[in-house]
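Numbered continuously in this note's numbering, the sequence shown closes out at residue 458.
All C-beta atoms, glycine included, are put in the ideal place defined by N, C-alpha and C.
These notes are about the structure you will find just below.
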Amino acid sequence: MASSGGNRQPESIRLCRWTLGLSTVVATVLALLGYMQTWNQSWLFGGVVNEGASVRLNSPTVALVVKDIPGGPRAPLAKQVVVGMDTNVNTHKAWNNLTEWMTEMEPYWTRDAVYDFNYVGPWHFGPSHGVQQWFYSEHMHFNIACPDIQWQDFIRAATDGTCTSASYGLGRWMEPFAGVPPPSNKPFVRIHDLDFYLLEGNRIKINWCIIDVVNLFEQVGYKIVPPAPMPSGGYRAPNSMDGFPAPLSESVNPADTMLSNRIWNMAIQEDYVQNTGGARWWAEDMVWYGPGGIGTAYSKQDYRTHFLEPLHGAFSNVSMQLDLSVCEGKYCGAHFYLHARHTGAWLGKQATGKKVRLRCGAHAHFEGGRMVEGWLIIDVPQAFADMGIDLFARARDVALQAMQTS
53 MASSGGNRQP ESIRLCRWTL GLSTVVATVL ALLGYMQTWN QSWLFGGVVN
103 EGASVRLNSP TVALVVKDIP GGPRAPLAKQ VVVGMDTNVN THKAWNNLTE
153 WMTEMEPYWT RDAVYDFNYV GPWHFGPSHG VQQWFYSEHM HFNIACPDIQ
203 WQDFIRAATD GTCTSASYGL GRWMEPFAGV PPPSNKPFVR IHDLDFYLLE
253 GNRIKINWCI IDVVNLFEQV GYKIVPPAPM PSGGYRAPNS MDGFPAPLSE
303 SVNPADTMLS NRIWNMAIQE DYVQNTGGAR WWAEDMVWYG PGGIGTAYSK
353 QDYRTHFLEP LHGAFSNVSM QLDLSVCEGK YCGAHFYLHA RHTGAWLGKQ
403 ATGKKVRLRC GAHAHFEGGR MVEGWLIIDV PQAFADMGID LFARARDVAL
453 QAMQTS
C-alpha cells in the first residue's frame, strides 16, 4: 500500500505541472490575440502615419489581400470579358454538350456574334453567326481534330472595347484537320494562334481567329510549300517581364500606349501597303516570328530580305482592309486583309494574275519607340485558294504518301 501511494505522488505532481504549463500557454496566446487587435500603423505600413492612432485588423481600410478581377488588376473591360470567356474554352468545360456549353458562353457573346476562323476548305464552313453555329462549326471540328489542347496566352492587349491575344496550344493531333489526317503516331504539336475581339457593350460582337496551318503541317513533316528561307524559331513569348500574358494592365504607362499606337499604325501601312521606310520602326536586332513557309527573322535585314521584298515582289496594287488595331502599353496587334494582284512568285507559286486576299494577324512588342519583337500569322490556305490551289488537298496527298511508306 505504501509503495502504491508513493508511486501516485510523482504522477500528480507531473499532472499539476502540465496543467500550469497549459494555462500559461493559453494565457499567453490570449494576450497575444488581444494585442494583435491593434497594430500601430507605423509598424504595419513601414512609415509613420499617426503615432497616436491604431488600425484594427478587421478595419476595411486595411486591404491585406485584394481579390483580382478577370485579366488582373485594372484590366480594361474587353480583357475582363475575354479572360472570363477564354477560361471556359481553355478548360474544355462542357465542350461537347451544346446546352451546357451555350449556358457557359451566353454571358460573353451577343446573340448575333460572329466567329471568323481560318479558311478550312473541306470542312465547308465560313464565319459563324451566333454561339450555336460556332459550336457546330469551328468549335467541334477543331476540338475533335485536336482534343485537350492546352493554350498558353503570352500576349493579351486590350482597351475597354477591343482585345487581342497571341497564344500557342500544346497537345496531340488526333483526327483529320480539314481532311488532312495526322501521322499515325498522333504527335504532339504546337499550334500558333491569335485572336482579335470587338465588343458591343460588355459582350463579344466579333472574334477573328487564325492559326498557322502551314506551320502545323510543317511540324509533322508535311511539306506543302518550298522550304522557308529562314529557320523556324517557333511562336515564343516576349523576351520581357511585363506580365504573362503581357502586359499586366496595372503596370501599363498610358504614355507608352499612345506612342506604341502611333508608331504601330504607321508601321503596318509602310511595311505591308506602301513598301516604304525600309522597316524603319524595327530595331536592328529585332526578332520576328514569321508564318509557316517564311520563318523567323533575327535581324531587320533578314526581315526585309526574306519577308518584305518577296511580299512586294509577288503582289501589286496592294490595299489594306484594317478590321482591328489595338495597343496596350508596349504591345500592339492588328487584324487585316491585304487585297492585291498576284503578279510574282510567292511561296513557290508563280504569278497567276489573280486578285488575292492575304488575311493577316500581326503583333509587336515595343521598347524605346522601336519594335523589338514581332509575330505574324497569314491564312496561307485562303491566299492559295484565291490563286486556284487547294493546299489541303496537297497536304492530304503528302500525308497519305507518308502513311504508305511508313
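In the DSSP assignment, V370 falls outside any alpha helix (DSSP H) and lies within the beta strand (DSSP E) extending over 367-380. Runs of the alpha helix (DSSP H) spanning 4 or more residues and lying entirely within the stretch 140-170 occur at 150-157, in chain order.
Per DSSP, F194 is one residue of the alpha helix (DSSP H) stretching across 192-197. Closest in C-alpha terms to V265, from the list G426, T214, P433, comes P433. Taking all protein chains in view, the Cβ of K145 is surrounded by fewer than 16 other Cβ atoms within 10 Å, so the residue is classified as exposed.
The shortest CA-to-CA distance from V370 to any of C384, G286, I196, R411 is the one to R411.
Between the stretch 219-238 and the stretch 187-203, the count of C-beta pairs closer than 8 Å reaches three or more; the two stretches touch. Listed as beta-bridge partners of N259 by DSSP are Y167, Y249. Contact holds between the stretch 258-272 and the stretch 231-247, because three or more Cβ pairs, one in each stretch, are under 8 Å apart. The stretch 276-290 makes contact with the stretch 437-453: 3 or more CB pairs, one atom from each, lie closer than 8 Å. Residue range 265-271 is occupied by the alpha helix (DSSP H) that includes E270.
Rounded to whole angstroms, M423 and P234 show a C-alpha spacing of 37 Å. Assignment of I276 by DSSP, reduced to helix, strand and coil, places it in the coil class. R208 is bridged by DSSP to S217. Contact between P299 and Y383 holds, since their C-beta atoms are separated by about 5 Å, short of 8 Å. Judged by DSSP secondary structure, M423 falls within the beta strand (DSSP E) whose first and last residues are 422-430. 8 Å or more divides the Cβ of Y249 from the Cβ of G285. S219 and H417 do not touch by the CB rule: their CB atoms are close to 15 Å apart, not below 8 Å. In this chain, the beta strand (DSSP E) harbouring A416 covers 407-419.
Pairing A392 with F367 gives a Cβ-Cβ distance under 8 Å.
Taken through DSSP and simplified to helix, strand or coil, K352 comes out as helix. Taking C-beta separations shorter than 6 Å and ignoring five residues to either side along the sequence, the partners of A210 in its chain run P128, A130, K131, E380, following chain order.
Taking C-alpha positions only, D308 is separated from G420 by approximately 9 Å. Taking C-beta separations shorter than 8 Å and ignoring five residues to either side along the sequence, the partners of G405 in its chain run R393, H394, T395, following chain order. For L443, the enclosing alpha helix (DSSP H) begins and ends at 443-457. Taken through DSSP and simplified to helix, strand or coil, A435 comes out as helix. Judged by DSSP in its simplified three-state form, R224 adopts strand.
Pairing I262 with W427, the inter-Cα distance amounts to about 13 Å. Out of L150, N149, P174, V166, the CA that lies nearest to the CA of A437 is found in P174. Separation of D449 and Q456 (C-alpha to C-alpha, rounded to the nearest whole angstrom) is 11 Å. Taking the Cα positions, M154 is about 10 Å away from Y160.
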